[in-house]
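Single-structure report; data block below.
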Amino acid sequence: MKRSPVSRTALNRLLALGGVIIIMLQAALITGSRVEVGIILIGLLVNQLGVWGLAARLLPDRRVYLQLRIEANHFLQLIRQLHLHALADEGVKIETVRAAMHESVDLMAAIAATAEEAA
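Using my numbering, read the sequence shown as starting at 77 and increasing by one per residue.
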């Protein structure tokens, strides 16, 4: 399968920016009052703050089970490694990753429901 030269995230951001430019050009061409144009631009700005995920960056992370989240992310990395080694037909490396996955599952079971407030 051929990979696209542009990532999905980059394409989403490019499309959002293109939409902003089109709306701003249209708002600038409105023959109405400056107040109407200002309201359109403020609404557009608020919309884009959501699209760009600004609220997630400004508000604190409220996760409580941080250790479990970290281990789950590690497990996802192991899944990616397993897939790559399986594609390359690397049997020994597959078994190494498989053992690491079992260890990760055991660790997740041990740390589940262990609360730790985010800093």
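The C-beta atom is built at its ideal place from N, Cα and C for all residues, glycine as well. None of the values given here were measured: they were computed from a predicted structure.
Work out the CA separation of A189 and R84 for me, nearest whole Å. 34 Å
Rounded separation between V122 and H178 - CA only: 46 Å
For Y141, which of L105, M184, V96 has the nearest alpha-carbon? M184
The alpha helix (DSSP H) spanning R156 covers which residue range? 142-163
Within the continuous alpha helix (DSSP H) that includes T172, where are the two ends? 167-187
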